[in-house]
Ligand code: FES
Ligand code: FES
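Below, the structure is given as structure tokens:
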């Protein structure tokens, strides 16, 4: 922040920006010939006093754009209700590679919090300096509030917009002071999201709504098995569909096992004048595929492959506090294996992107979690410089990790390259279930050395993690050994994506179920058992790149667990028909503890209520934090009780919401969420409440039935 | 053919008699409030009103709707219940990504117009056709209850 900024004043032409490159989230009115000042990449102030927050992070419904706009409003002294929110296009020149732009790991607020505040504090100080010059008053007598610089001595005030001409000539101060928390006007208050109003009117500008002049609509029929290829196809019936313009083969990108970024599958594209015609014609294609080697394998082979791998690879990858020796020398052991299936993200807005390949440059419009990476990939794909690639980012109808991967944008670009028109590529719901990227199938093996009292002395783990990480930490302070990470000998059967909470989900399913099994072996109350361990555990160092968080503090996790015990009356059970289970999770230095209530109804057992307590540092917007926890609980229950992706002969067996089921409102339990009071650096809230759901419910199931279920999904009603 | 959407007449040439209303709304008339999500009547994202009753526009051919009154989320202002629901949707901060919400609101409005003071169970049963992957269900329940109260007073 020490460099001198150069500022410019430019004319804001009205109407010159296409509706689709410009994403008004708030309905601010614009005057015709406003000039503006954009002192940094987060903000633009117009001469007509409009303050625009340029959100570098993606908005997928998690509320990040609202939270960041609140932070900006507070640090600047702006009127939050009058701020317009725009989304930044993909740019690593402005935002660096991943840190300030691409959105994942519940990092939106955490990553941007500090640089945003610093940049906006500088902006504020420049505005104050400009006002001091304009009004002839000392800087020390001035402060900002609600879009004005005010003088505390007299009644004078001047609007930000009237200061930009002077402000743009001033150097940035070398040092600025950030506001104290007592000065926050918005941060910490539950404020409806910036999308909320528009979502309630149906006017959020998702990329699926983009319409450009001469735009055509495309869909792709992709090879149903990953790694297969196209032999030939017949399109005569498809071409008969009114509105069909062209049908052609898509040239796939070379399949790379660990390409977590994108990748275009072999397929046949249909281009039409409307979405319906394209979808209809797609169904009429007759395609002959070479299904390739993966067509010989099914879900059971994935399972068996992991079991075989484990049997032949037992070496220790990480050994903490001599766990391995303790395990070896122990005469009493406890073992348990946990299994969770492939899953699809199934965002309600199916994947889609609009692309226009002009030949010499490319512009895309998409709801992506990774505008910077997407731009990089398109540059690679087309051979154009990144400066010739513009990625306009739109709010998305859910992302949950899937929209981090830019395969769908790559496809749109390839089709537009061929037709040289703007193309809207739509994925059908079937595409998003059958030929997408998936949360991987997991198998986790846990063991413990038990002493004469039944207490655990050391733990051993083998699964998809070869050591502790911020996303899959071990908070309980016991000696623990990690064995070689499991991997698939034959490569992935279906390609991998991120799915809300990623590998923390299987990790926690194992860990938090196993903790309950250990408590049972020690004849302790499972919640008290955790509290005792956490009370004795030391701070766990977290390795993260970039370092933006904190270490893992077991006492913070313990505090969430104590609170949820209170909320759920854990220790004062009086009701015979109530069965409770708990879990406590640390995820990237957020903490979340949960209690699940199970009861018996006419159709067997059901989840009647979920309690959750989250510590995510300073909660910028409690309404959105709670919404994330509520949504995470629904997500976790869906994975536990409803859906799974299964593979037969290389093909996904599910296709749409009639066989990939999501939790519905009549199956939703009561949910009660509390947020820990904290002034610590804000962490994340989008994922930490997912991983604890399954183990909390399964632990309650054990209370109800004495049965340990270690494989999900399950049919609770059958118990 | 001619359609009446939100009280206005729209005339156009329908190339394909099987084309669902959803795509006529979205691709032909730019009424993009109504959403595509499953295309098979399973999720409710495409819910509109036809003569005051809910219809899944993804599986309703436009050609079957001549002479009927179609209402979409864009026509919310003319429906008291819908406007009242929208107010509570904002106050309770229901939407997350928002994508399913047009459909949720259209279903909720139809529910309340049939049954102005539904029990919690009736709300859950009445709304079970609308999926929300973000998991806004508990707030939807709250907002519908609140709207029923507001409208009865
Ligand atoms: S899109 Fe019509 S019900 Fe899902
Ligand atoms: S709000 Fe995102 S799907 Fe319902």
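Residue numbers (our numbering), protein chains in the order written: chain C, 447 to 1165; chain L, 4 to 156.
Each residue gets a CB set at the ideal place from its N, CA and C atoms; glycine is no exception.
- Unbroken beta strand (DSSP E) stretches of 3 residues or longer found wholly inside the stretch 800-825 of chain C: 808-812, given in chain order.
- At least one C-beta of chain L is nearer than 8 angstroms to the C-beta of residue 643 of chain C.
- Contact check for residue 59 of chain L against residue 44 of chain L passes: the beta carbons are separated by less than 8 angstroms.
- When Cβ pairs closer than 8 angstroms are counted between the two stretches, the stretch 481-488 of chain C is seen not to touch the stretch 806-822 of chain C, the count staying below three.
- Summarising the contact set, residues whose Cβ lies nearer than 5 angstroms to any heavy atom of ligand 1 are, in chain order, L:40, L:41, L:44, L:46, L:48, L:49, L:59, L:61.
- DSSP lists C:589, C:603 as the bridge partner or partners of residue 596 of chain C.
- Not one heavy atom of ligand 2 lies closer than 7 angstroms to the C-beta of residue 751 of chain C.
- In the assembly as shown, residue 861 of chain C is a buried residue. Its beta-carbon has 16 or more other beta-carbons within 10 Å.
- In terms of CA proximity to residue 1021 of chain C, C:1045 leads the group C:1000, C:1045, C:1010.
- Less than 8 angstroms divides the Cβ of residue 1132 of chain C from the Cβ of residue 1074 of chain C.
- Taking 7 angstroms as the Cβ-Cβ cut-off, the stretch 1087-1118 of chain C approaches chain L at 1102, 1103, 1104, 1108, 1110, 1111, 1112, 1114, 1117, given in chain order.
- In this structure, residue 1059 of chain C sits away from residue 1078 of chain C, with a CB-CB distance that is not shorter than 8 angstroms.
- Taking a Cβ-Cβ threshold of 7 angstroms, the residues of chain C close to residue 137 of chain L are 507, 844, 1077, in chain order.
- Counting the other Cβ atoms within 10 Å of the Cβ of residue 1001 of chain C gives fewer than 16, which makes it exposed.
- Residue 12 of chain L counts as exposed, since fewer than 16 other C-beta atoms from the protein chains shown sit within 10 angstroms of its C-beta.
- For a Cβ distance threshold of 7 angstroms, nothing in chain C lies close to residue 13 of chain L: the least Cβ distance comes to about 15 angstroms.
- By the beta-carbon neighbour count (other beta carbons within 10 angstroms, threshold 16), residue 617 of chain C is exposed.
- Put simply, the CB of residue 501 of chain C is far from chain L, with every gap to its CB atoms at 8 angstroms or more.
- When secondary structure is reduced to three states using DSSP, residue 482 of chain C falls in the strand class.
- Secondary structure note for residue 498 of chain C: its beta strand (DSSP E) is the uninterrupted segment 497-501.
- Taking 8 angstroms as the CB threshold, residue 1080 of chain C lines the interface with chain L.
- Shortest gap from the CB of residue 843 of chain C to any heavy atom of ligand 2: under 7 angstroms.
- Per DSSP, residue 703 of chain C has no beta-bridge partner at all.
- By the Cβ neighbour-count rule, residue 704 of chain C is exposed, with fewer than 16 other Cβ atoms within 10 Å of its own.
- The Cβ atoms of residue 1140 of chain C and residue 955 of chain C sit closer than 8 angstroms to each other.
- Judged by DSSP in its simplified three-state form, residue 885 of chain C adopts strand.
- Residues of the stretch 872-887 of chain C that bring their beta carbon within less than 7 angstroms of a beta carbon in chain L comprise 874, 875, in sequence order.
- Within the stretch 33-50 of chain L, contact with chain C at the beta-carbon level (separation under 8 angstroms) is assigned to 33, 35, 36, 37, 38, 39, 40, 41, 42, 43, 45, 46, 48.
- Using a Cβ-Cβ cut-off of 8 angstroms, residue 105 of chain L counts as an interface residue toward chain C, since at least one Cβ of chain C sits closer than that to its own.
- The contact set of residue 652 of chain C on chain L, defined by CB atoms closer than 9 angstroms, consists of 35, 38, 100, 101, 102 in chain order.
- Residue 907 of chain C has C:892, C:928 as its beta-bridge partners, per DSSP.
- Rounded to the nearest angstrom, the Cβ distance from residue 883 of chain C to residue 848 of chain C is 7 angstroms, consistent with a contact under 8 angstroms.
- Residue 1164 of chain C has its alpha-carbon roughly 8 angstroms from the corresponding atom of residue 1049 of chain C.
- Among the residues facing chain L, residue 722 of chain C is included, as its CB has a counterpart in that chain under 8 angstroms away.
- If you look at residue 108 of chain L, you'll find it in the alpha helix (DSSP H) that goes 104-117.
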